[in-house]
Amino acid sequence: LALARPLHRESGPRLQASLEQATDDATQVRAVEALAFIAPAEMQQLLVHLVETGSTAALRTQACLGLRGSDDSDAIDAMVHAALNDTSSEMRAAAAEGLGLAGRRCPIVVLEKMLRRELEPSVRVAAATGLGQSGLLDAVDVLLPLMKNPAETEDVRESAAQALGLFPGPDVMFALVDG
């Protein structure tokens with residue numbers, strides 16, 4: 004492990020240079036994936052920049068996946084903007100899950116807004132999942148009606164139920180059994 008740290012520090016700039024020189028999408032996406040894996044803290048601003056300005060949905064999505072769980076305000080702001088405005092449903096879904104993994108910094112109102120206005124089922128599932136991953140009890144008030152809504156798709160209701168299962172406590176468990 005001690006040998007791996009210097010290797011990671013040396014690899015980051017090389018991967019960043021590869022990313023900047025790459026002309027094909029697949030190479031850029033792989034470089035971003037590697038950057039997020041080996042040096043997430045050092046590369047966070049680059050990942051934020053790519054979420055905001057990446058030339059393809061695949062590149063923006065991979066950068067967003069690299070920011071999952073970050074509680075940095077710039078990263079959260081970039082994910083909020085992507086969740087609400089990106090044209091790619093994959094990107095909006097990745098942003099929703101990433102926001103959920105921000106824990107106490109998760110902007111529940113953004114995920115709730117996504118559930119109100121989003122039509123794409125995969126993004127709605129990701130928003131429900133993000134609410135559960137947040138661990139914030141306020142999310143329960145959004146997830147319970149979502150789980151019980153017969154107008155929702157089965158996938159969304161199931162995702163809401165699974166998200167509720169992440170919360171401890173008898174009230175949530177009773178609602179799941181009753182629901």
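Each residue of the sequence shown is one higher than the one before, starting from 4 at the first, in my numbering. Just so you know, even glycine gets a beta-carbon here, dropped at the ideal spot from N, CA and C. Note that the structure is predicted; figures quoted are calculated from it, not measured.
So, for Ala60: in the same chain, excluding its five sequence neighbours on each side, which residues have a beta-carbon less than 8 Å away from its beta-carbon?
Asp89, Thr90, Ser91, Glu93 and Met94
Quick one: is Glu121 buried, meaning 16 or more other Cβ sit within 10 Å of its Cβ, or exposed?
buried
Alpha-carbon to alpha-carbon, Pro148 and Ala44:
37 Å
Nearest neighbour of Leu87, chosen from Leu70, Leu134, Glu115 and Ser73 [CA to CA]
Glu115
Contacting residues, own chain, Cβ-Cβ under 6 Å from Asp136 (five flanking each side not counted):
The question names Asp, yet the displayed sequence has Gln at residue 136. Cβ within range, chain order: Gly103 and Leu104.
Let me know if Ala154 comes out buried or exposed under the rule of 16 or more other beta-carbons within 10 Å of its beta-carbon.
exposed
Tell me whether Pro171 sits in a helix, a strand or coil according to DSSP, three-state version.
coil
Return the chain-ordered ranges of every alpha helix (DSSP H) run that is complete within the stretch 66-119 and spans a minimum of 4 residues.
76-88 and 92-103
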